[in-house]
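Chains L and F, in that order, are what the protein sequence lines are.
The numbering of the first sequence is my numbering, which starts it at 1 and goes up by one.
The numbering of the second sequence is my numbering, which starts it at 1 and goes up by one.
Using N, Cα and C, we set each Cβ at its ideal position, and we do this for glycine too.
Following: one structure in structure tokens, then a few remarks.
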Amino acid sequence: MSHPARRLATAGAYPGRTVGIQGDRDTSELDNVVVFVSSPMRVDSAPRRVTIRQTNEEFIPHVVAVTTGSTVEFPNDDLIFHNVFSLSRAATFDLGRYPRNASKGRTFTKPGVIKVFCHLHSHMSAIVRVFSHPYFAVPNREGRFTIPNVPAGRLEVTAWHERAGEVTEQAIIEDGAATELTFSLPLTDPE
Amino acid sequence: MTALVASRSPRLLVKVLCFAFAVIGCVIVAVFVLFSWQTNARLTRTVVENMEASQQRFAGIDSRLRREHTLQAMALAENPTLKAAVDTYYSERGNEQELGQLRSTIETELVKLQQIMAVPALSVTDVRGVVLASAGPNKEDWPAGARVPLRVEENGAPVETVVLRNGHPYSATAVPLVLGRDVVGEFFLASPLDDGYAVNLAAEARADIAILLDGRVIASSTPPTLRRALEGVVLPLSGTIVLGQDEYVVQRLSSVDSASVYALGSVTTAARTATSETGWVLLLAGAGALLMAVGGSWWVARTVARPIDRLSNSLATMAKARDFDRPLPPTGGSRELDTLTTTFNELRTAVALAEAESEATYLGVIGALAAALDARDPYTAGHSQRVADLSVAIGRQMQLSDPDIETLRLGALLHDIGKIGVSDAVLRKPTKLTAEEFEQIKLHPTLGARILKPLRFLDAQLAIVELHHERPDGRGYPHGLKGDEIPLFARIVHVADAFDAMTSARAYRGALPVSTAVAELWHLIGIDFDPQVVQAMASLPVALIEPPQSSEAATDRPPSRALVQFPTRVATHTAQHGQVALRRAE
């Protein structure tokens, strides 16, 4: 799935209000990329506990990938109230408002793309990708990633970014051997 | 005389009034016209300035309103549900049921916002301009799936634009829906550019509104004629323009893409109201001024004409009464009129003096004439003067007024003036007169009256001259008047005449003694002589009646002061028995 989107500096659209998105934190759009085996398969694995912090009116990290049954915690680090809700089909929920140092979590049982928002701060958003298998990874700042223990066979592997879209490659995985794949996504990092 | 003047020429008062009013009225009308014209011009200028100022003010207000409107739109675009739903819409592509639910979520939010904003149409599109959902009364023009051309600002700022939907032009504010650093969709607030919009705006602007798209009028609050006049006209950004026959103040309120909104104010209409109001006030003031002018003219006319009127009335009264003895009263109206009055009075005095002088001359001449007449006959010499003296004495005794005494004296002096026409032969005839001769003698009173008649100042004396031979019994001449019909003065002179005749010598007899003459008077009282007059004469002191020349009679004169010895009682008796005396005389 690819989504056309325009990138822009938000400062112009939010006059009189400063949010610590740019400059304060070392960010890269690579952090928002998920590479995963997109061939349908269901492999149970141990549920994980992942945290998306609400810091400086921003969900950090912006994108997380988990297996089904995993729980995502949303602790509030800000002095202000935050809220977490989603309208996505895979998980429609609203955790309500809660203050600093409080935290609420949500266990995701269905695979899919779950877009998470804050009702109090309309510019905040995060994405939880839920997979029915553990074969996914988020590349490092060099753009490298490793997906271990992928079962052998002919598989489709996809690199995805919410705005830049996705690129899918065919891969033939052999037992005991590492297969190298290269993806190219039109990403632009903020200056 | 007054009647003649009144019928010929108008009264001075009217003339002065008309003249004064004409002058004042003309000045007032001229001032009024000039003032009206000037006021109209100034009013029109003021109206233009006011309209320009108010339109500029409204343009300012309008642009501020639009800015606020945009800010409101931006605030609304921060709606988290809307953003969440639009953003989620992307990730749910492929699942129609889910997308439908998200669209209705968006629509629900839009309906809520529409209730707050009361915008004809609210719409949300994705980043390509495909409508996801709409709300508002005009949402039919913004159906889901329709494509709206987007104009995108690099910094994601809101854009004002004109969008054609179903052939209807909309003025729209497009605000990007921003999530993080990304634009996920577009939020539209749209108002149709129709006549209703123009009318609403016109009500706020208090001016007509015309909306032009590519130079074509697409909506207006103006009547059709003006709308037609606007077609193809290049309107200035701000200023005045003549459309049809009227002048308009024009101000462009806003311009988006190729659409422009103009405010139009008719100078003619606005000025008409203002000038008509002012016109009424001016007209009222003018009418008031004219009314005051009438009053002022009336006062001026009266001030000028009144004294002249008074003077002319005094003169008319004087002329009518022929009474020139009193001087004219000064009018006090003006120095000229007073001079006129004084001059007239001086003239009057001079004329009176001249008249008196000529009267005196006349009298002198006539007196001389009378004396000359008396002197024709030695027996009657001094007769007229004596009769005059005696008449005056009797008149005084009868307590007549001084002017009457004067009339009496002069009348007595002239009583025989008619004898000028009687021949000497008859007049001086020593023997008894024939009947014919006596008839000649009897003519002298009438003749005297005729002689004196032309002398107007002797009018009062005429009766004395003409009637001094009438007798109470009606047997006198020339008219045979009786008793009281004979004027008193004539009766007095008659007695005095008879007495002097009796006490004067004649050719045929000597002078009778006074007592005899008086007795004769008493004897003929009520017959030939008036009782009152005889009685008055009888009570006169002797010295006053005694003829100076009758020396022979002087011896007979009684020593007493009274004229006669008759006791008053007898006189009264006689007077009371006038009838008896009359009978005895017969």
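Beta-carbon proximity check, residue i vs residue j, cutoff 8 angstroms
i: His415 of chain F; j: Asp500 of chain F; result: no
i: Leu264 of chain F; j: Thr303 of chain F; result: no
i: Ser125 of chain L; j: Asp126 of chain F; result: no
i: Phe131 of chain L; j: Val35 of chain L; result: no
i: Ala517 of chain F; j: Ile464 of chain F; result: no
i: Thr68 of chain L; j: Arg49 of chain L; result: no
i: Val533 of chain F; j: Ile486 of chain F; result: no
i: Ala274 of chain F; j: Thr173 of chain F; result: no
i: Leu213 of chain F; j: Pro169 of chain F; result: yes
i: Ser112 of chain L; j: Phe74 of chain L; result: One point to set straight first is that residue 112 of chain L is Gly, not Ser, in the sequence displayed. No; because the gap between Cβ atoms is not below 8 angstroms, this pair is not in contact.
i: Val148 of chain F; j: Gly129 of chain F; result: yes
i: Gly244 of chain F; j: Thr225 of chain F; result: yes
i: Gly25 of chain F; j: Ala198 of chain F; result: no
i: Thr240 of chain F; j: Val233 of chain F; result: no
i: Asn168 of chain L; j: Glu29 of chain L; result: Here residue 168 of chain L turns out to be Thr, not Asn, going by the sequence shown. For Thr168 of chain L and Glu29 of chain L, no; Cβs fall outside 8 angstroms.
i: Gly288 of chain F; j: Ser36 of chain F; result: no
i: Thr342 of chain F; j: Leu311 of chain F; result: no
i: Lys397 of chain F; j: Ser539 of chain F; result: For the record, residue 397 of chain F in the displayed sequence is Gln; it is not Lys. Yes. Within cutoff.
i: Pro194 of chain L; j: Val43 of chain L; result: Residue 194 of chain L lies beyond the range of chain L shown here (1 to 191); nothing can be said about it.
i: Ala77 of chain F; j: Val162 of chain F; result: no
i: Ala498 of chain F; j: Glu470 of chain F; result: no
i: Ile420 of chain F; j: Leu373 of chain F; result: yes
i: Leu13 of chain F; j: Ala316 of chain F; result: no
i: Glu359 of chain F; j: Phe438 of chain F; result: no
Proximity test, Cβ basis, 8 angstroms: residue i and chain L
i: Ser91 of chain F; result: yes
i: Gly180 of chain F; result: yes
i: Thr161 of chain F; result: no
i: Asp87 of chain F; result: yes
i: Ala84 of chain F; result: yes
i: Glu78 of chain F; result: yes
i: Gly244 of chain F; result: no
Cβ separation of residue i and residue j, assumed to be a contact under 8 angstroms, to the nearest whole Å
i: Val66 of chain L; j: Ile52 of chain L; result: With 8 angstroms as the limit, Val66 of chain L and Ile52 of chain L do not qualify as a contact, their Cβ atoms being about 10 angstroms apart.
i: Ser123 of chain F; j: Ala190 of chain F; result: 7 angstroms
i: Pro139 of chain L; j: Ile173 of chain L; result: Not really, about 19 angstroms apart at Cβ, beyond 8 angstroms.
i: Arg100 of chain L; j: Leu79 of chain L; result: 6 angstroms
i: His119 of chain L; j: Pro80 of chain F; result: 5 angstroms
i: Gly476 of chain F; j: Gly448 of chain F; result: 15 angstroms between Cβ atoms; not a contact.
i: Ile527 of chain F; j: Pro445 of chain F; result: Not a contact, Cβ separation roughly 19 angstroms.
i: Thr44 of chain F; j: Ala271 of chain F; result: 5 angstroms
i: Leu87 of chain L; j: Ala85 of chain F; result: 6 angstroms
i: Arg129 of chain L; j: Asn95 of chain F; result: Actually they are not in contact, since the Cβ atoms of Arg129 of chain L and Asn95 of chain F sit about 16 angstroms apart, beyond 8 angstroms.
i: Ala511 of chain F; j: Ile394 of chain F; result: Wrong, their Cβ atoms sit about 20 angstroms apart, outside the cutoff.
Cutoff 8 angstroms: residue i Cβ touching any chain F Cβ
i: Val113 of chain L; result: yes
i: Phe93 of chain L; result: no
i: Phe117 of chain L; result: yes
i: Ser88 of chain L; result: yes
Near-chain F residues of the stretch 154-186 of chain L - C-beta to any C-beta below 8 angstroms: Those would be Glu162 and Arg163, in chain order.
Selection of the stretch 120-137 of chain L by Cβ proximity to chain F, strictly under 7 angstroms: Ser122, His123 and Ser125
Segment contact flag, the stretch 52-61 of chain F with the stretch 146-166 of chain F, C-beta cutoff 8 angstroms, min 3 pairs: no
Stretch pair the stretch 337-351 of chain F + the stretch 362-379 of chain F: three plus CB contacts closer than 8 angstroms: no
Validate contact between the stretch 328-343 of chain F and the stretch 42-54 of chain F using beta carbons, cut 8 angstroms, 3 pairs: When Cβ pairs closer than 8 angstroms are counted between the two stretches, the stretch 328-343 of chain F is seen not to touch the stretch 42-54 of chain F, the count staying below three.
Interfacial residues, the stretch 96-108 of chain F to chain L, with Cβ spacing under 9 angstroms: Gln97, Glu98, Gln101, Leu102 and Thr105
At least 3 beta-carbon pairs within less than 8 angstroms: the stretch 274-293 of chain F vs the stretch 20-37 of chain F: yes
Cβ contact check for the stretch 131-150 of chain F and the stretch 103-121 of chain F: 3 or more pairs under 8 angstroms: yes
Touch test, the stretch 62-71 of chain F against the stretch 96-112 of chain F, Cβ-Cβ under 8 angstroms, three pairs minimum: Output reads no: the stretch 96-112 of chain F does not touch the stretch 62-71 of chain F.
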